[in-house]
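Heads up, the thing below is written out as structure tokens.
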Amino acid sequence: MGYAEDYARWQADPEGWWLEAARGIDWDRFPETALDASKAPLYEWFPDGMVNTCWNAVDRHVEAGRGGQVAIIHDSPVTGTVHKITYAELRNRVARLAGALRAQGVEKGDRVVIYMPMVPEALEAMLACARLGAIHSVVFGGFASHELAVRIDDAKPKCIIAASCGIEPGRVVHYKPLLDGALEEAAHKPDFCVIFQREQEVARLEPGRDLDWHAFQYGAEPADCVPVEGTHPAYILYTSGTTGQPKGVVRPTGGHLVALNWTMKNIYGVEPGEVFWAASDVGWVVGHSYIAYAPLIHGNTTVVFEGKPVGTPDAGTFWRVISEHRVAAFFTAPTAFRAIKREDPKGDYVGKYDLSSLRTLFLAGERADPDTIEWAKAQLGVPVIDHWWQTETGWTITGVPVGLGGVEPRMGSSGVPMPGYDVQILDETGDPVGADTLGAVAVKLPLPPGTLPTLWNAEARFRKSYLEHFPGYYETGDAGMIDEDGYLYIMARTDDVINVAGHRLSTGGMEEVLAEHPDVAECAVIGVADELKGQLPMGFLCLTKGVNRGHDEIVRECVALVRERIGPVAAFRHAVVVDRLPKTRSGKILRATMVKIANGEEVKVPATIDDPAILDEIRAACRSLGYAAA
1 MGYAEDYARW QADPEGWWLE AARGIDWDRF PETALDASKA PLYEWFPDGM VNTCWNAVDR
61 HVEAGRGGQV AIIHDSPVTG TVHKITYAEL RNRVARLAGA LRAQGVEKGD RVVIYMPMVP
121 EALEAMLACA RLGAIHSVVF GGFASHELAV RIDDAKPKCI IAASCGIEPG RVVHYKPLLD
181 GALEEAAHKP DFCVIFQREQ EVARLEPGRD LDWHAFQYGA EPADCVPVEG THPAYILYTS
241 GTTGQPKGVV RPTGGHLVAL NWTMKNIYGV EPGEVFWAAS DVGWVVGHSY IAYAPLIHGN
301 TTVVFEGKPV GTPDAGTFWR VISEHRVAAF FTAPTAFRAI KREDPKGDYV GKYDLSSLRT
361 LFLAGERADP DTIEWAKAQL GVPVIDHWWQ TETGWTITGV PVGLGGVEPR MGSSGVPMPG
421 YDVQILDETG DPVGADTLGA VAVKLPLPPG TLPTLWNAEA RFRKSYLEHF PGYYETGDAG
481 MIDEDGYLYI MARTDDVINV AGHRLSTGGM EEVLAEHPDV AECAVIGVAD ELKGQLPMGF
541 LCLTKGVNRG HDEIVRECVA LVRERIGPVA AFRHAVVVDR LPKTRSGKIL RATMVKIANG
601 EEVKVPATID DPAILDEIRA ACRSLGYAAA
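Sequential numbering from 1 applies to the sequence shown in the UniProt record's numbering.
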């Protein structure tokens with residue numbers, strides 16, 4: 001059965017379709033009800049089911065006789081180590097950790113904040129919480145003390161599990177002082193902290209509060225899995241809010257299991273036992289869904305990678321990992337490929353490795369520009385598939401379902417809606433628009449299983465952020481269009497659609513044009529305030545390594561290129577070459593921050609920024625164009 005038939009089956013009987021998908025999961029009590037719409041627009045999936053995430057991700061594979069299969073490969077070029085853990089070993093480690101937590105009073109419904117780098121122990125902590133029915137909230141390792149304190153006060157954890165340090169190329173990031181600072185600032189105080197000491201740095205433990213990871217587990221009685229309701233929160237994941245106050249996205253257990261299990265075969269096209277690698281971090285949603293959970297739920301081997309696409313040690317590190325571990329499907333962000341392409345434009349490193357195991361490359365996290373896709377296809381010789389989803393949804397909204405078949409990738413598009421999603425393009429009044437017309441991307445309610453049912457302790461904010469603007473729809477905050485064949489094109493965040501003299505234009509469309517220039521490795525376009533035209537586009541260009549032509553000449557060519565492709569209506573005249581773009585640690589470009597800098601507004605350094613020093617370079621670049629007066 002291909003995509004069209006499966007999507008039509010879902011449309012004809014959504015609840016029956018999802019109950020069928022739910023049979024791919026082990027339930028303590030199989031749900032009789034798929035969807036509870038009694039509190040609409042706050043919908044709940046599988047409310048009468050009882051289930052445990054850890055059992056489905058670990059124990060059931062051991063019980064099925066596959067305990068000897070490798071569950072986790074920890075590949076850490078920053079420490080020069082590779083470590084493999086089988087499903088049987090993982091079960092024993094997680095059960096013992098869960099037992100130690102239980103002995104300290106952690107039980108179903110308690111929150112646990114996890115503050116760790118990319119080590120297997122981070123996944124073990126997540127799974128140990130799930131085993132007990134505790135609700136974990138992973139905070140990206142190395143987040144500043146204040147941001148960690150804000151999350152501690154919102155989640156009110158019974159305990160915090162942290163590492164002594166993280167390791168970046170050329171430096172050790174001291175986690176424990178950041179944690180101590182957060183606990184000093186936070187109004188809420190956890191009962192205890194568990195510290196995983198790394199050999200690169202052994203942190204000082206606070207007597208009476210801090211417990212050593214190994215010592216506190218010694219002699220602990222392994223814990224069994226605790227069944228929880230299908231609607232019970234599996235975790236809280238904080239995402240940036242427009243107010244500066246983070247939003248705690250809630251992930252319900254039952255729908256999370258069902259949806260993620262379905263995606264592995266149908267969207268990513270992998271079978272149990274194969275190696276799946278998502279090059280992300282457990283602090284982000286991709287790390288939750290496609291490092292820690294979906295591959296293990298489905299019985300795959302997951303790669304936990306502690307490194308960078310370039311510099312650990314070179315632009316060939318991704319290819320080494322794929323070759324050594326025989327990765328079948330690889331998932332990363334376009335920004336990672338742009339970084340590799342910038343360092344190795346001819347792909348010299350690709351030929352040094354055997355990549356015959358790789359069948360598919362998946363991109364998500366930012367719009368995948370055609371130039372990057374073409375480069376990746378040429379280098380790897382496999383299908384390159386862009387797909388689109390959000391922290392809030394937890395899994396694919398639109399994509400190309402490799403396992404279902406019947407859909408071909410289309411350049412510039414993030415694919416077609418997955419079963420469960422009725423995606424529509426709306427105008428500013430909330431009415432659907434025709435094909436190939438730019439508008440707000442929205443999903444008709446109810447959202448499918450695995451997506452957020454609300455925000456943690458903030459139902460009113462959930463309604464205001466996602467449901468009020470377009471009643472009956474979930475507002476994605478993205479702008480785009482759908483063609484006549486049903487393919488979605490995400491053009492920008494809604495805020496990135498700029499109004500130039502009355503013309504609504506996508507900055508993403510301009511970025512696509514600029515990325516075609518042979519000397520441009522990466523770029524960003526923002527809209528800056530203009531008295532005459534309302535807004536004007538401004539381009540920032542990062543050049544490919546080895547380019548030594550004059551910057552003024554490259555800028556002139558880029559301006560001419562946009563004028564030729566989009567037309568004079570774009571009024572694209574301002575562009576500047578910069579060495580780097582400000583990004584989050586997950587690789588997303590901080591365009592809203594760049595807009596504030598260009599407009600001379602006060603800028604609060606985003607908590608998620610990878611390197612705050614880049615903002616000074618952006619400020620200087622804006623001033624060179626006559627902006628950023630403040």
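Glycine is no exception: its CB is placed at the ideal position from the N, C-alpha and C atoms.
- Within the UniProt domain "Acetyl-coenzyme A synthetase N-terminal" (3-57), the runs of alpha helix (DSSP H) at least 4 residues long that lie entirely inside it are, in chain order, 3-12 and 14-21.
- Collapsing the DSSP output to three states places N499 in a strand.
- For T312, the closest C-alpha among the options G254, E168 and V275 is that of E168.
- At least 7 Å separates the beta-carbon of G299 from that of V51.
- As for any beta strand (DSSP E) of minimum length 3 sitting wholly inside the region 290-344, the runs are 301-305 and 327-332, ordered along the chain.
- Annotated three-state conformation of H551 is helix, per DSSP.
- For the 7 Å CB-CB criterion, I267 and T437 do not form a contact.
- Here DSSP, grouped into helix, strand and coil, assigns C225 to coil.
- At the C-beta level, G68 and T86 come within 7 Å of one another.
- Under the DSSP assignment, P120 falls outside any beta strand (DSSP E), being part of the alpha helix (DSSP H) whose first and last residues are P120 to L132.
- In the DSSP annotation of this structure, the continuous segment of the beta strand (DSSP E) that includes W277 starts and ends at V275 to A278.
- V282 sits in coil when the DSSP states are folded into three classes, being neither helix nor strand.
- A direct Cα-Cα distance of roughly 29 Å separates R338 from G406.
- Note on the region 131-181: whole alpha helix (DSSP H) runs with a minimum of 4 residues are 145-155, in chain order.
- By the Cβ-count criterion, A8 is exposed, with fewer than 16 other Cβ atoms from all chains shown falling within 10 Å of its own Cβ.
- If you keep only unbroken beta strand (DSSP E) runs of at least 3 residues inside the region 436-497, you get 439-444, 473-482 and 488-493.
- Bounds of the alpha helix (DSSP H) holding Q217 are W213 to Q217.
- Taking a C-beta distance under 7 Å as the contact criterion, G2 and A259 do not qualify as a contact pair.
- Taking C-beta atoms as the reference points, P370 and G412 count as a pair closer than 7 Å.
- Of the other Cβ atoms in all chains shown, fewer than 16 fall within 10 Å of the Cβ of Y218; this residue is therefore exposed.
- For I85, the enclosing beta strand (DSSP E) begins and ends at T81 to T86.
- In the three-state scheme derived from DSSP, where H, G and I count as helix and E and B as strand, T584 is classed as strand.
- In this structure, H574 is the residue among Q245, T544 and H574 with its C-alpha nearest to the C-alpha of D530.
- Within a 10 Å sphere around the beta-carbon of N548 sit fewer than 16 other beta-carbons, which makes this residue exposed.
- For Q11, the number of other beta carbons within 10 angstroms of its own is below 16, and it is reported as exposed.
- When the Cα atoms are used, V350 and W319 turn out to be separated by approximately 6 Å.
- In terms of Cα proximity to G283, the closest of R410, Y235 and G273 is Y235.
- Looking at the backbone, the Cα of T332 and that of W277 are separated by about 8 Å.
- Straight-line spacing of the CA atoms in T544 and L505 works out to 27 Å.
- Contact check for I25 against N261 passes: the beta carbons are separated by less than 7 Å.
- In terms of Cβ geometry, L355 and I385 do not form a close pair [threshold 7 Å].
- Here I554 is not near P582, since their CB atoms are 7 Å or more apart.
- Judged by DSSP in its simplified three-state form, M538 adopts strand.
- Excluding five sequence positions before and after R326, the CB atoms of its chain that fall closer than 6 Å to its own CB belong to V275 and S357, given in chain order.
- For R565, the closest C-alpha among the options R580, E512, E522 and P537 is that of E512.
- Judged by DSSP in its simplified three-state form, E201 adopts strand.
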